[in-house]
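Residue numbering for the sequence shown follows the numbering used here, beginning at 2 and increasing consecutively.
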Amino acid sequence: LGWAAWKTYLGRPVTDNYRCTSMGILGAALRVSRPEEALPVLEANLALNRRYWSDEQSILGAQTIIGGCLSQLGRDDEALSLRREVYAKGVAS
Numbered sequence: 002l003g004w005a006a007w008k009t010y011l012g013r014p015v016t017d018n019y020r021c022t023s024m025g026i027l028g029a030a031l032r033v034s035r036p037e038e039a040l041p042v043l044e045a046n047l048a049l050n051r052r053y054w055s056d057e058q059s060i061l062g063a064q065t066i067i068g069g070c071l072s073q074l075g076r077d078d079e080a081l082s083l084r085r086e087v088y089a090k091g092v093a094s
């Protein structure tokens, strides 16, 4: 389903919200079975969110998903650091 969403909106401009959302869906779907392939997709999605949308909740959500992916890959120090950053921003807002 993630690939279908991505293929549907791939031709849209990089600033299109549906394209960004479909990239997030693809990353979340890949994270379940192939976290090593999901990480670059999730990081690209986060970069798009930061560049074109300033919705802090979306950014924190994307960072939380990346933290989970990092944990699945055994990169626990990076995951913990990112989760602490998300928590601090969430408490501050």
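Idealized CB from N, CA, C, for every residue including glycine.
By a C-beta neighbour count over all protein chains shown, 10 Å radius and 16 as the cutoff for buried, is residue i buried or exposed?
| i | result |
| --- | --- |
| residue 11 | exposed |
| residue 7 | buried |
| residue 58 | exposed |
| residue 63 | buried |
| residue 18 | exposed |
If you draw a straight line from the C-alpha of residue i to the C-alpha of residue j, how long is it?
| i | j | result |
| --- | --- | --- |
| residue 82 | residue 91 | 14 Å |
| residue 40 | residue 13 | 22 Å |
Report the residue from the options whose alpha carbon sits nearest the alpha carbon of residue i.
| i | options | result |
| --- | --- | --- |
| residue 22 | 30, 51, 64 and 46 | 46 |
| residue 88 | 75, 60 and 48 | 60 |
| residue 36 | 78, 74 and 27 | 74 |
Which residues mark the beginning and the end of the alpha helix (DSSP H) in which residue i is found?
| i | result |
| --- | --- |
| residue 13 | It is not in any alpha helix (DSSP H) - residue 13 carries neither H nor E in the DSSP assignment. |
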